[in-house]
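Just so we're aligned: 61 in numbering that gives the first Met the number 0 is position 62 of the sequence shown, and the numbers increase by one with no gaps anywhere.
Ideal Cβ placement from N, Cα and C applies to all residues, glycine included.
Read the structure below first, then the notes.
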Amino acid sequence: MERTFVMIKPDGVKRGLVGRILQRYEQKGLRLVKARLMEVSRELAEKHYGEHRSKPFFHELIDYITSGPVFAMVLEGNKAISIVRLLNGATKVEDALPGTIRGDFAVSTTENLVHGSDSAASAEREISLWFPDDSTSSLSASDCL
Ligand SMILES: Nc1ncnc2c1ncn2[C@@H]1O[C@H](COP(=O)(O)OP(=O)(O)OP(=O)(O)O)[C@@H](O)[C@H]1O
Ligand SMILES: [Mg+2]
């Protein structure tokens with residue numbers, strides 16, 4: 000069993016797509032083990048996307064991720080990390096295939112609805128960054144709003 004950090008980004012929450020996106024992960028057999036609807040501080044966003052600090056799109060990315068609440072979660076299942084990346088679809092809007100979340104719903108490369116950890120090391124780092132209190136129970140929706 001593998002665990003991965005997944006986030007429905009502010010455009011997904013604003014557009015009312017949380018239920019439909021979560022359903023795709025669940026119907027593939029992934030289990031929701033933690034979830035939180037939360038505002039994201041610039042500090043947390045910059046830590047999360049630290050590897051992109053030198054990229055030209057970094058500031059736009061941080062503005063976007065902090066523009067409204069996100070739905071942060073931990074999903075568990077066999078090969079969860081790569082399966083979530085497959086369901087999410089390609090990063091670039093023009094490469095995201097129909098049938099994937101981005102391919103079906105996203106309208107730009109920046110505003111691409113979902114995040115999924117890209118490796119076991121990233122998953123471990125991101126889960127402890129977003130859910131630092133390991134005693135957090137399965138679902139604590141909107142307690143950070
Ligand atoms: N060329 C770009 N122009 C604008 N925004 C970009 C570009 N490349 C990436 N981004 C934004 O930065 C995020 C992080 O980029 P990364 O290369 O890690 O893609 P990803 O792993 O598919 O996405 P994520 O890490 O959010 O799951 C992307 O999801 C997207 O929102
Ligand atoms: Mg990434």
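Asked, Found
"Out of curiosity, what's the CA-to-CA distance linking S141 and R35?", "Low per-residue confidence applies at S141: pLDDT is 46, beneath 50, and the placement is therefore not dependable, though the value from the model is reported in the following sentence. Whole-angstrom Cα-Cα distance: 6 Å."
"Enumerate in chain order the residues of its own chain whose CB-to-CB distance from S136 is below 7 Å, with the five nearest sequence positions on each side excluded.", "Reliability fails at S136, whose pLDDT of 48 lies under 50, so the model's placement of it is uncertain and no value is given."
"Looking only at its chain, what residues have a beta carbon closer than 8 Å to the beta carbon of E1, apart from the 5 residues adjacent to it on each side?", "E75, G76, N77, K78, A79, I80, A119 and A122"
"For I126, which residues from the same chain have a beta carbon less than 7 Å from its beta carbon, with the 5 sequence-adjacent residues on both sides left out?", "R2, F4 and V73"
"Should K165 be labelled buried (16 or more other beta-carbon atoms within 10 Å of its own) or exposed?", "With the chain covering only 0 through 144, there is no way to say anything about residue 165."
"Looking at C-alpha atoms only, which residue of T108, F130, V32 and G15 is the closest neighbour of G67?", "G15"
"Does the pairing of the stretch 81–100 with the stretch 55–66 give three or more beta-carbon distances under 8 Å?", "no"
"On a Cα-Cα basis, can you pick out the residue from E25, R124, D10 and W129 that is closest to L60?", "D10"
"Report yes if the C-beta distance between M37 and V113 is below 8 Å; otherwise report no.", "no"
"Using the three-state DSSP reduction, which class does L21 fall into: helix, strand or coil?", "helix"
"Provide the residue span of the beta strand (DSSP E) that contains R35, from first to last.", "R30 to M37"
"Would V39 and I64 be called neighbours here (beta carbons separated by less than 8 Å)?", "yes"
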